[in-house]
Amino acid sequence: MNEEIKIINIEDKNYPKLLKEIKNPPKVLYVRGEIKSDENCFAVVGTRMCSAYGKQVALEIAGDLAEAGLTIVSGLAPGIDTFCHQAALEREKRTIAVLGTGLDEKSIYPRENLNLVKKILEKGGALISEYPPGTRGTQFTFPQRNRIISGISLGVLVVEAKERSGALITAEWARKQNRKVFAIPGPIHSLNSKGCHYLIKKGAKLVENANDILEELNLPPLSKKTVVGGETPEENLILDALKEEALHIEKIIEKTNLPAAKVAGTLAILEIKGKVRNLRGNIYALSR
Numbered sequence: 010m011n012e013e014i015k016i017i018n019i020e021d022k023n024y025p026k027l028l029k030e031i032k033n034p035p036k037v038l039y040v041r042g043e044i045k046s047d048e049n050c051f052a053v054v055g056t057r058m059c060s061a062y063g064k065q066v067a068l069e070i071a072g073d074l075a076e077a078g079l080t081i082v083s084g085l086a087p088g089i090d091t092f093c094h095q096a097a098l099e100r101e102k103r104t105i106a107v108l109g110t111g112l113d114e115k116s117i118y119p120r121e122n123l124n125l126v127k128k129i130l131e132k133g134g135a136l137i138s139e140y141p142p143g144t145r146g147t148q149f150t151f152p153q154r155n156r157i158i159s160g161i162s163l164g165v166l167v168v169e170a171k172e173r174s175g176a177l178i179t180a181e182w183a184r185k186q187n188r189k190v191f192a193i194p195g196p197i198h199s200l201n202s203k204g205c206h207y208l209i210k211k212g213a214k215l216v217e218n219a220n221d222i223l224e225e226l227n228l229p230p231l232s233k234k235t236v237v238g239g240e241t242p243e244e245n246l247i248l249d250a251l252k253e254e255a256l257h258i259e260k261i262i263e264k265t266n267l268p269a270a271k272v273a274g275t276l277a278i279l280e281i282k283g284k285v286r287n288l289r290g291n292i293y294a295l296s297r
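Each residue of the sequence shown is one higher than the one before, starting from 10 at the first, in the numbering used here.
See the structure below:
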């Protein structure tokens, strides 16, 4: 993996313009990959311990925003952050990870995302940090880097977050920086919804799809997607069962009354066709 780390100071022409506007911007940025001073970035963040619903929403909305021309920014953390980076990469778009550590391979956290780092760089994306190589993450560095995530972005979407969450710290930085804050609603009894509902009550825009964000940013909307039907009765039964939410394979078998082997085989075919995705743990969702 190419470990070339560039140093960009605040006077450099490549230093992100929006980041210069915030209070206490980093005087120096360490960068791996390509950074552009005036691109339209948008941050999508959330909890590390996300649900299947949160993963589905992150992949769908971050992917659509990338398709609309926004560079997706997140923090490389496990959970929602990871899926947002992956969503952009799936659409062959660039994404930026802002780290709370040094950018050298030995310092990067989390270790399980080193392969994701490689893909981000291969696809023309970037890693950014205000910390020099060799810096390990601390309880201080991660909250501090959140101001950069929001600072380089036009707005911040929180997908899932508990009441005490790093994602809410990012949203608070965004508010202080006069960035737009967006949040995904969720089930009222879910702890992962509490942070998002708090933000919505405080004035964050409720988001159901990417166009809710693009409209607020005065950017052209994406054309509405048409849900493509299946090619067999079994495919249609499964696609219909997944219309409202992601489901475990056992629940799909129950809802469709199809034999287990038929459901497993049909899901595999639908995955190959790109009509459903496995969210891990045998939980399936429509590829919207």
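C-beta atoms are modelled at their ideal positions from N, C-alpha and C, and glycine is treated no differently.
Whole-angstrom distance between residue j and residue i, CA atom to CA atom
i    : j    : result
I193 : I278 : 31 Å
T275 : Q65  : 20 Å
F51  : L223 : 10 Å
H257 : R286 : 12 Å
N122 : K203 : 27 Å
S296 : V216 : 18 Å
N266 : I247 : 10 Å
A96  : E259 : 26 Å
N23  : K36  : 13 Å
N220 : P230 : 5 Å
Segment limits, beta strand (DSSP E) that includes residue i
i    : result
L295 : 292-295
V272 : Where V272 is concerned, there is no enclosing beta strand (DSSP E), although the alpha helix (DSSP H) it sits in stretches over 269-281.
S83  : 80-83
Y301 : Nothing in the structure corresponds to residue 301, since the chain is present only between 10 and 297.
N155 : No beta strand (DSSP E) holds N155; the alpha helix (DSSP H) holding it covers 150-160.
Close Cβ partners of residue i (< 7 Å) along its chain, the five nearest in sequence each way excluded
i    : result
R100 : G72, A75, E76
M58  : G88
L288 : A61, K64, Q65, A255, A294
E48  : T80
Other residues of its chain near residue i: CB distance less than 6 Å, five sequence neighbours each side excluded
i    : result
K185 : none
G239 : N245, L248
R154 : V107, G109
For residue j and residue i, believed in contact at Cβ under 8 Å, the rounded distance
i    : j    : result
I137 : L38  : 6 Å
T104 : I129 : 6 Å
G9   : A183 : As shown, the chain starts at 10 and ends at 297. That puts residue 9 outside it, with no answer to give.
V107 : G84  : 6 Å
V53  : V168 : 6 Å
G109 : P141 : The Cβ separation is near 13 Å, so there is no contact.
Start and end residues, alpha helix (DSSP H) containing residue i
i    : result
I16  : No alpha helix (DSSP H) holds I16; the beta strand (DSSP E) holding it covers 15-18.
L98  : 89-99
V190 : Taken as a continuous stretch (DSSP letters only), V190 belongs to no alpha helix (DSSP H), being part of the beta strand (DSSP E) at 189-192.
Beta-carbon proximity check, residue i vs residue j, cutoff 8 Å
i    : j    : result
P242 : G160 : no
A180 : E43  : no
G195 : C205 : yes
Y118 : G143 : no
I14  : K29  : no
A170 : N201 : yes
T56  : S174 : yes
L125 : T91  : yes
E114 : E12  : yes
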